[in-house]
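Asks: First residue of the sequence shown? That's -15 in the numbering used here, and the numbers climb one at a time after it. Take this structure, written in structure tokens, and hold onto it; I'll ask about it next.
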Amino acid sequence: MLDLYKVQKRRWGQVMDHSRNAVPRVDFLGTGNAFSPHGRMHALAIIDGSILIDTPPTLLTQLRRSGFSGDDIEHILFTHWHGDHNFGFPFLMLDRKYISNRDAKVGLDVYLRPGGRNTLGSLCRLGFPGSLEALDQMIDWHESEHEVIGDTGWKFYRFPVLHNPETDPHGYELVHESNFRLLHCGDSGPCDEIDNRAGRADVIIVEMGMPDIGEFPHHHRPSDVVELAYRNPHAKILVTHNYSSGKGFKEGFEIPNLPDTICQLEDGDSLIIDEEGSFEIIRKN
Ligand SMILES: [Zn+2]
Ligand SMILES: [Zn+2]
């Protein structure tokens, strides 16, 4: 299975070249919540090798281990301002400035909420004082709530979700030119904003940050994910930002038993979408 994954990745690398006719895909380089459960890195997703959703603390490690370079990233979509979703940003900018994008050939478009620029600027100044002062020369900032993502063939609609309000939490409805619809719920508990969009989604990515050990309105628990799947039998549910340990690990929280229709992703899994909008999930192991 590992070999298959590698073969597909290589093939993808050959045909990708940011062509609009390339097969769309999403790579899940991390699937854990803020606590880095055993066997999982923090959650992040890369669409078509160039659109990154969130920049967790170990972003550079995650990119390198999967064969990506810092200058592969051309677009970043931020969901909210918790450290497990953005503390890797200064490291990516440092890598691009001094190693992978020294000649500044590859532009970077960052899509975020108003105010987010200050957060990221502060992080960069705190992490690497004097080295990352000129972010505006390295980044094109986008603060609108819906936009076409360059020439990738994707566009997004951002929407508010239910999570710690101090983090300005949002999700993304991503629409490919093939009409494939991917709903990324962000870090959130169940809410109308998700339900209103879930009905037309082909695939729903949901962050399951807490176990069923109490009431957590700001997070999806396994019971909430089961209900989401029950309300949306037409869509494939992919679970990431999992509180449980990865497959094969005995320490920490056990992987919860969920119906077979729900896929609890592991690090390195991928979603591949074909031209007709059908898709398959490639498990790394
Ligand atoms: Zn998180
Ligand atoms: Zn969060």
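No residue lacks a Cβ here, since even glycine has one placed at the ideal position from N, Cα and C. This structure is a prediction, so every number in the text was calculated from the model and none was measured.
(1) Looking at the strands, I want to know which residues DSSP matches up with Val132.
(2) Examine the Cβ distances between the segment 186 to 203 and the segment 219 to 230 and report whether three or more of them are shorter than 8 Å.
(3) Please tell me whether, using a cut-off of 7 Å, the distance from the CB of Gly193 to the nearest non-hydrogen atom of ligand 4 is below it.
(4) In whole angstroms, what is the alpha-carbon distance linking Gly23 and Leu249?
(5) Between which residues of its own chain and Ile57 is the CB-CB distance below 6 Å, once the five residues before and five after are set aside?
(6) Tell me which same chain residues have a C-beta within less than 6 Å of the C-beta of Asn17, skipping the five on either side of it?
(7) If we ignore side chains and look at the alpha-carbon of each, how far apart do Gly14 and Pro21 end up?
(8) Taking Val210 as part of the alpha helix (DSSP H), name the residues at either end of that continuous run.
(9) How is Glu264 classed by DSSP in three states: helix, strand or coil?
(10) Name the DSSP beta bridge partners of Trp125, please?
(11) Taking the beta strand (DSSP E) that Ser254 belongs to, which residues open and close that run?
(12) So who's on the other strand from Glu191, going by DSSP bridges?
(13) Do you know how far the Cα of Asp176 is from the Cα of Leu167?
(14) From the DSSP secondary-structure annotation, give me the bridge partner or partners of Ala27.
(15) Cβ of Arg142 within 8 Å of Cβ of Asp179?
(16) My assumption, with CB atoms under 8 Å, is that Pro243 sits in contact with Ala213. Please give the rounded CB distance.
(17) Excluding sequence positions up to five away, which residues of its chain have a Cβ less than 8 Å from the Cβ of Trp263?
(18) At what residues does the beta strand (DSSP E) containing His168 begin and finish?
(19) Sort Gly91, Phe62, Asn241 by Cα distance to Gly156 and report the nearest one.
(20) Tell me whether Pro113 is buried or exposed, calling it buried when 16 or more other Cβ atoms sit within 10 Å of its Cβ.
(21) Ligand 2: which residues have Cβ under 5 Å from any of its heavy atoms, chain order?
(22) Excluding the five sequence neighbours on either side, which residues of its own chain have a C-beta within less than 7 Å of the C-beta of Ile133, listed in chain order?
(23) Could you pull the start and end residues of the beta strand (DSSP E) that Glu161 belongs to?
(24) I need the DSSP call for Phe12, collapsed to helix, strand or coil.
(25) Using DSSP with H/G/I as helix, E/B as strand and the rest coil, what is Leu107?
(26) Identify the continuous alpha helix (DSSP H) that holds His69 and give its terminal residues.
(27) Give the DSSP-derived three-state secondary structure of Ile83 in the structure shown.
(28) Under three-state DSSP, which class holds Pro149?
Replies: Let me lay it out:
(1) On the sequence shown, residue 132 is found 148 positions in, with the first residue counted as 1. The bridge partners DSSP lists for Val132 are Lys139.
(2) Counting Cβ pairs under 8 Å, three or more are found: they touch.
(3) Among the ligands present in this structure, namely ligand 1 and ligand 2, ligand 4 is not found.
(4) As a working mapping, residue 23 is identified with position 39 in the sequence shown. As a working mapping, residue 249 is identified with position 265 in the sequence shown. In this structure, the straight-line span from the alpha carbon of Gly23 to that of Leu249 is close to 12 Å.
(5) Indexing the sequence shown from 1 puts residue 57 at position 73. Short of 6 Å from the beta carbon of Ile57, and not among the five residues preceding or following it, lie these beta carbons of its own chain, in chain order: Leu36.
(6) For the purposes of this step, residue 17 is taken as the residue at position 33 of the sequence shown. So the list reads Gly193, His225, Tyr227, once near-sequence residues are dropped.
(7) Translated into positions along the sequence shown, residue 14 becomes position 30. Translated into positions along the sequence shown, residue 21 becomes position 37. Taking the straight line joining both Cα atoms gives about 11 Å.
(8) Stepping through the sequence shown from its first residue, residue 210 is reached at position 226. It spans 206 to 215 - the alpha helix (DSSP H) in which Val210 sits, taken as one unbroken run.
(9) Position 280 of the sequence shown, counted from the start, is the residue given in the question as residue 264. Glu264: strand per DSSP, three-state reduction.
(10) For the purposes of this step, residue 125 is identified with residue 141 of the sequence shown, where counting begins at 1. Answer is Val94, bridged to Trp125.
(11) The count along the sequence shown starts at 1 and reaches residue 254 at position 270. Ser254 -> beta strand (DSSP E) spans 254 to 257.
(12) Reading the sequence shown from its first residue, position 207 is the one you call residue 191. Per DSSP, Thr224.
(13) Translated into positions along the sequence shown, residue 167 becomes position 183. Translated into positions along the sequence shown, residue 176 becomes position 192. Between Leu167 and Asp176, the C-alpha separation is close to 14 Å.
(14) The count along the sequence shown starts at 1 and reaches residue 27 at position 43. None, per the DSSP bridge assignment.
(15) Position 158 of the sequence shown, counted from the first residue, corresponds to residue 142. Position 195 of the sequence shown, counted from the first residue, corresponds to residue 179. Arg142 is not a Cβ neighbour of Asp179, given a cutoff of 8 Å.
(16) Translated into positions along the sequence shown, residue 243 becomes position 259. Translated into positions along the sequence shown, residue 213 becomes position 229. The C-beta distance from Pro243 to Ala213 rounds to 7 Å, short enough to meet the 8 Å contact threshold.
(17) Within the sequence shown, the letter at position 279 stands for residue 263. Per the sequence presented here, residue 263 reads as Phe, with Trp not at that position. In the same chain as Phe263, and ignoring 5 residues on each side of it, the C-beta atoms closer than 8 Å to its own belong to Phe164, Asp186, Val187, Lys220, Leu255, Ile256, Ile257, in chain order.
(18) Within the sequence shown, numbered from 1, the residue matching residue 168 stands at position 184. Element bounds for His168: 165 to 168.
(19) Taking the first residue of the sequence shown as position 1, residue 156 is located at position 172. Before going on, a small fix: residue 156 reads as Tyr here, not Gly. Distances from the alpha-carbon of Tyr156 to those of Gly91, Phe62, Asn241 put Phe62 closest.
(20) Residue numbering aside, residue 113 sits at position 129 when the sequence shown is read from its first letter. Its Cβ having fewer than 16 others within 10 Å, Pro113 is exposed.
(21) For ligand 2, residues qualifying as neighbours are His66, Asp171, where qualification means a beta carbon closer than 5 Å to at least one of its heavy atoms (chain order).
(22) As a position in the sequence shown, residue 133 is number 149, starting the count at 1. Excluding positions up to five away in sequence, the list reads Ile35, His59, Lys139, Phe140.
(23) Numbered from its first residue, the sequence shown carries residue 161 at position 177. Note, Glu161: premise wrong, no beta strand (DSSP E); not H, not E.
(24) Working through the sequence shown from its first residue, we reach residue 12 at position 28. Look at Phe12 here: in three-state DSSP terms it is strand.
(25) Taking the first residue of the sequence shown as position 1, residue 107 is located at position 123. Leu107: helix per DSSP, three-state reduction.
(26) Reading the sequence shown from its first residue, position 85 is the one you call residue 69. Run containing His69: 67 to 70, per the alpha helix (DSSP H) assignment.
(27) Working through the sequence shown from its first residue, we reach residue 83 at position 99. Ile83 falls in the helix class under three-state DSSP.
(28) Counting from one through the sequence shown, the residue named residue 149 turns up at place 165. Note: Pro149 maps to helix in three-state DSSP.
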